[in-house]
Amino acid sequence: MTTRYFGEPIPRNEDRRLLTGQALFVDDVELPGLLHAALLRSQVAHARIKSIDVSAALARKGVVAVYTAEDLGAYWQPGPLLVPPPPIAGIVFNQRMQVPLAKDKVRHVGEPIAIVVAESRYIAEDALADIDVQLETLPPVVDLERALEKDGSLVHEDVRSNVSAHVRQCKGDYAKAAAKADHIIRRRFHYDHGMSSPMETRGVVAQWDARASQLTIWDTTQAPVFVRNGLAAMLGLGERQVRVIAPFVGGGFGPKIMIFYPEEVLLPWIAIKLNRPVKWIEDRLEHFVATTHERGQIHDAEIALSRDGKILGIKDVFLHDAGAYDPYGLTVPINSQCTLLGPYVVPNYDSTFTAVFTNKPIVTPYRGAGRQHGVFVIERLLDFAARELGIDRAEIRRRNLIPADAFPYNNEIIYQDFAPLEYDSGNYEPVLDKALAAIDYARFVTEEQKKLRAQGRHVGVAVACYVEGTGIGPYEGARVQVQANGKVSLATGIGTQGQGHFTSFAQIVADQLGVDVRDVDVVTGDTDQFYWGAGTFASRGAVVAGNAVNEASKVVREKILKQASEHFECAVEDLELGSGQVSIVGVPGKSVRLGELAMRANPMRGAVKPGTEPGLESTQYFGPPKGATANGVHAMLLEIDPDTLMVQILKYVVVHDCGTVINPLILAGQIHGGVAQGIGNAYYEELMFNEEGQLMNASLADYLLPTSLEVPRMELGHTVTPSPLNPMGVKGAGEAGAIPVGPLFAQAIEDALGLGERKIELCEIPLSPNRLWRVLSRADG
Ligand code: MCN
1 MTTRYFGEPI
11 PRNEDRRLLT
21 GQALFVDDVE
31 LPGLLHAALL
41 RSQVAHARIK
51 SIDVSAALAR
61 KGVVAVYTAE
71 DLGAYWQPGP
81 LLVPPPPIAG
91 IVFNQRMQVP
101 LAKDKVRHVG
111 EPIAIVVAES
121 RYIAEDALAD
131 IDVQLETLPP
141 VVDLERALEK
151 DGSLVHEDVR
161 SNVSAHVRQC
171 KGDYAKAAAK
181 ADHIIRRRFH
191 YDHGMSSPME
201 TRGVVAQWDA
211 RASQLTIWDT
221 TQAPVFVRNG
231 LAAMLGLGER
241 QVRVIAPFVG
251 GGFGPKIMIF
261 YPEEVLLPWI
271 AIKLNRPVKW
281 IEDRLEHFVA
291 TTHERGQIHD
301 AEIALSRDGK
311 ILGIKDVFLH
321 DAGAYDPYGL
331 TVPINSQCTL
341 LGPYVVPNYD
351 STFTAVFTNK
361 PIVTPYRGAG
371 RQHGVFVIER
381 LLDFAARELG
391 IDRAEIRRRN
401 LIPADAFPYN
411 NEIIYQDFAP
421 LEYDSGNYEP
431 VLDKALAAID
441 YARFVTEEQK
451 KLRAQGRHVG
461 VAVACYVEGT
471 GIGPYEGARV
481 QVQANGKVSL
491 ATGIGTQGQG
501 HFTSFAQIVA
511 DQLGVDVRDV
521 DVVTGDTDQF
531 YWGAGTFASR
541 GAVVAGNAVN
551 EASKVVREKI
561 LKQASEHFEC
571 AVEDLELGSG
581 QVSIVGVPGK
591 SVRLGELAMR
601 ANPMRGAVKP
611 GTEPGLESTQ
621 YFGPPKGATA
631 NGVHAMLLEI
641 DPDTLMVQIL
651 KYVVVHDCGT
661 VINPLILAGQ
671 IHGGVAQGIG
681 NAYYEELMFN
691 EEGQLMNASL
701 ADYLLPTSLE
711 VPRMELGHTV
721 TPSPLNPMGV
731 KGAGEAGAIP
741 VGPLFAQAIE
751 DALGLGERKI
761 ELCEIPLSPN
771 RLWRVLSRAD
781 G
């Protein structure tokens with residue numbers, strides 16, 4: 001097989017449609033008789049519902065229906081979970097799920113109480129003000145530590161505490177290791193609540209065709225098959241009666257998957273009940289309070305080291321803010337717990353977390369899915385250790401890297417997929433070397449920084465390492481089919497939200513079948529096109545769906561060659577595929593086009609020969625035994641103005657190993673996007689809740705997203721350690737950019753301002769200029 005496309009920076013073939021406004025998004029769906037929905041959401045964080053009177057809203061002209069929990073009958077139940085955790089012995093997990101409309105209590109600002117359906121969104125919004133809800137407000141649980149105080153307010157009374165989950169994982173014997181240590185460094189770290197901000201907010205359109213008994217849903221979901229299966233089960237329909245289409249989705253980043261949102265449960269039910277199509281599009285304010293959040297942890301961590309800077313062990317006790325319900329009260333903090341170990345040899349580890357219910361929006365995975373928090377803790381501990389032991393920051397990292405001959409490397413604890421945390425492969429030192437060389441680290445710390453200081457400039461350097469578990473199961477499938485016109489169609493069940501799947505998957509097919517990459521037509525995210533697919537999350541598209549595409553293409557390739565060998569009456573070995581045809585090697589003019597072979601493989605007459613399958617097509621599945629571990633190092637030169645505390649990134653380097661690369665251009669885009677989000681989460685974005693649980697900055701005027709002015713050009717480098725766990729050797733890359741940016745900022749700012757000499761340490765994220773000013777003023781007394 002010649003690889004004309006695999007590994008090449010092919011421009012994304014979906015971009016023409018996106019850039020010329022041709023791509024369909026959920027809000028573009030217009031249907032005859034379309035109704036519009038708006039939700040009445042709780043204005044308070046914690047209250048008992050005494051009564052709801054919707055009569056005035058119903059009387060408003062143009063209002064078609066108003067529903068509360070009481071109207072839903074047996075349908076009033078939480079939707080299923082995408083990845084429910086298996087029961088694990090010895091783990092406390094008080095899972096509490098959100099219902100579509102609150103009945104007895106509201107538990108966070110933004111929780112839906114009622115839904116109005118009207119002839120227009122304007123009328124629906126106006127009618128919300130007509131609904132009379134009587135609430136008895138309760139003390140809100142906002143602060144993570146106070147949430148655990150005895151006799152305090154309870155988010156879920158039946159749990160009898162605000163503990164959502166409690167998990168301890170150990171490796172070796174930390175206490176013994178600490179007793180022998182030359183240095184023990186303890187610190188407290190805060191990583192605040194945050195959120196994703198996709199360009200397209202969430203949205204659902206539902207249509208019921210009563211004559212065909214067919215429900216069609218356009219949804220901004222990252223997991224259309226999961227939504228189809230869940231709705232079919234909840235509505236008592238056959239799976240074939242429900243079609244879910246996730247058209248182009250303007251960013252997902254995690255929160256558009258994992259749970260069934262109330263709107264996804266309500267709109268299909270309403271469409272059936274009213275026998276009219278209905279649309280709901282989330283507005284930006286709703287996105288701040290009604291789409292799931294992430295982050296919010298407090299770590300008390302300590303690291304034990306030998307005199308020469310070798311890690312002997314780490315102990316970490318942390319609180320994790322689960323929000324009002326905890327569909328993933330385990331997954332996110334387990335990610336933090338595991339990712340803290342990083343690329344380092346940590347012989348002894350003792351980590352305990354308590355996930356806590358609070359009256360804040362629900363926390364689910366968001367790009368990085370809690371890995372940032374673990375990386376922040378270990379990377380900061382290593383910085384402080386380097387300072388205390390008088391070892392260079394890059395050097396202390398190098399001394400502790402897992403050596404290349406130690407793989408597969410078992411970390412002896414359980415990972416987010418509830419399987420043992422084993423790194424399949426890696427070669428960490430060259431990644432570090434490459435990053436240090438690219439940032440010119442040695443010269444900067446020995447010469448350049450002093451020169452700049454002498455000129456009155458405050459420039460700091462930082463380097464941070466991470467590993468990332470990617471490409472976990474369950475399996476994905478793909479169907480590859482050569483059409484009579486010679487073009488190839490590919491269908492997979494995962495959705496796509498901007499990751500370039502239309503191109504990278506086409507590259508795999510094009511190389512296997514010897515066709516032009518533009519002749520591969522890729523369909524994702526439509527349950528009628530492909531029956532199975534868990535969805536796009538955990539950087540698994542390339543590993544899981546990509547390998548399914550490869551397997552299906554390989555089978556079609558074999559079929560093509562067999563068909564052509566019969567056609568030419570020659571051996572398969574004498575044939576080659578290329579330019580959309582099969583040719584006999586060394587015999588000019590002896591070739592047959594794939595379209596013709598496809599027609600021959602689908603004869604209009606005759607019986608199917610025993611042992612053969614008609615058609616040049618194949619459906620294959622791939623599910624890896626466990627996740628593939630990617631790794632990387634980010635390095636940065638940052639200048640800060642000591643008066644205004646505004647920063648400028650002078651240079652940003654990412655060296656990354658995600659195994660074999662399918663498309664370096666797409667990969668670069670993924671890394672850029674991830675770093676941009678990381679920069680936002682590290683420095684600009686801060687969700688500010690007051691003591692009442694009200695989000696005080698729920699607008700893009702007050703919640704600062706980095707723009708193209710704040711996000712620098714990046715220098716990217718790669719090393720390639722193929723994963724042995726899949727035939728293509730790929731590892732995921734979609735989240736990597738976002739993971740180590742927090743510690744990088746903290747380290748660079750400390751270095752630039754010479755905070756180490758003033759004994760000031762930055763142990764919290766986000767580090768907005770305001771926060772930084774508070775920390776510095778506190779330290780200066
Ligand atoms: N890729 C590659 N070579 C590799 C690995 C990946 O060429 N060795 C390419 C893939 O073929 C794919 C892209 O990079 O086109 C991302 O692949 P992968 O890392 O497998 O990630 P997924 O396809 O599973 O996408 C999910 C991942 C996650 S978890 C989040 S969150 C995220 C992300 O991707 N959300 C995104 N990137 C995003 N990008 C956009 N624009 N929008 C989002 O919502």
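With UniProt numbering, letter number 604 in the sequence shown gets 604, and the count goes up by one each step, no holes. All C-beta atoms, glycine included, are put in the ideal place defined by N, C-alpha and C. If you're wondering where the values come from, they're calculated on a predicted model, not measured in any experiment.
At least 3 beta-carbon pairs within less than 8 Å: the region 428-445 vs the region 190-197: no
Three-state class that DSSP yields for Leu716 in the structure shown: strand
Contact set for Phe745: own chain, Cβ-Cβ below 6 Å, skip 5 residues either direction: Ala682, Tyr683 and Leu767
Contact test: residue 796 Cβ vs the ligand MCN heavy atom, cutoff 7 Å: Outside the displayed range of the chain (1 to 781) lies residue 796, so it cannot be described from this structure.
Residue from Val44, Gly374, Phe530 and Gln169 with nearest C-alpha to Pro361: Val44
Thr492 Cβ short of 7 Å to the ligand MCN heavy atom set: no
Enclosing alpha helix (DSSP H) for Val586 [first to last residue]: The sequence as given places Gly at residue 586; Val does not occur at that position. Taken as a continuous stretch (DSSP letters only), Gly586 belongs to no alpha helix (DSSP H), as it is neither H nor E.
Assigned secondary structure, Leu695 (DSSP; H/G/I helix, E/B strand, else coil): strand
Segment limits, beta strand (DSSP E) that includes Asn410: Tyr409 to Ile414
Anticipated Cβ contact below 8 Å, Trp532 with Val225, distance rounded: 6 Å
Extent of the continuous alpha helix (DSSP H) to which Trp773 belongs: Pro769 to Ala779
Contact test: Leu667 Cβ vs the ligand NAD heavy atom, cutoff 7 Å: Of the ligands this structure carries, namely the ligand MCN, none is the ligand NAD.
beta-carbon Phe253 near the ligand MCN non-hydrogen atom, thresh 7 Å: yes
Alpha-carbon spacing of Leu237 relative to Ile10, whole angstroms: 42 Å
Limits of the unbroken alpha helix (DSSP H) element including Met599: Leu594 to Ala601
Assigned secondary structure, Asn681 (DSSP; H/G/I helix, E/B strand, else coil): helix
Span of the alpha helix (DSSP H) around residue 790: Since the first and last residues shown for the chain are 1 and 781, residue 790 lies out of range.
Cut-off 7 Å between Cβ atoms - residues of its own chain near Ala668, not counting five sequence neighbours on either side: Leu716
Expected contact under 8 Å - CB spacing of Thr291 and Arg202 to nearest Å: 6 Å
Residue closest to Gly331, alpha-carbon to alpha-carbon, out of Tyr344, Val345, Ile303 and Ala369: Inspection of the sequence shows that residue 331 is occupied by Thr rather than by Gly. It is Ala369 whose Cα lies nearest to the Cα of Thr331.
Under the three-state DSSP convention, the category Pro614 falls into: coil
According to DSSP, residues forming a beta bridge with Val522: Leu490
Test item: CB-CB of Thr536 and Gly495 under 8 Å: yes
Continuous beta strand (DSSP E) stretch holding Phe357: start and end: Tyr349 to Phe357
For Tyr67: DSSP bridge partner residues: Ile115
Among Ala165, Ala177, Thr220 and Ile270, the one whose alpha carbon lies nearest that of Asp209: Ile270
Neighbourhood of Asn335 by C-beta distance below 6 Å, restricted to the same chain and skipping five residues each side: Ala369, Gly370, Arg371 and Gln416
Cβ-Cβ separation, Arg107 to His46 (assumed contact under 8 Å), whole Å: 6 Å
C-alpha gap between Tyr466 and Cys570, whole angstroms: 53 Å
Range of the contiguous beta strand (DSSP E) that encloses Lys651: Val647 to Asp657
Thr216 to Ala246 span [Cα, whole Å]: 11 Å
Exposure label - Asp350; buried when at least 16 CB within 10 Å: buried
Beta-carbon proximity list for Ile272, same chain, < 6 Å, skipping 5 on both sides: Trp208
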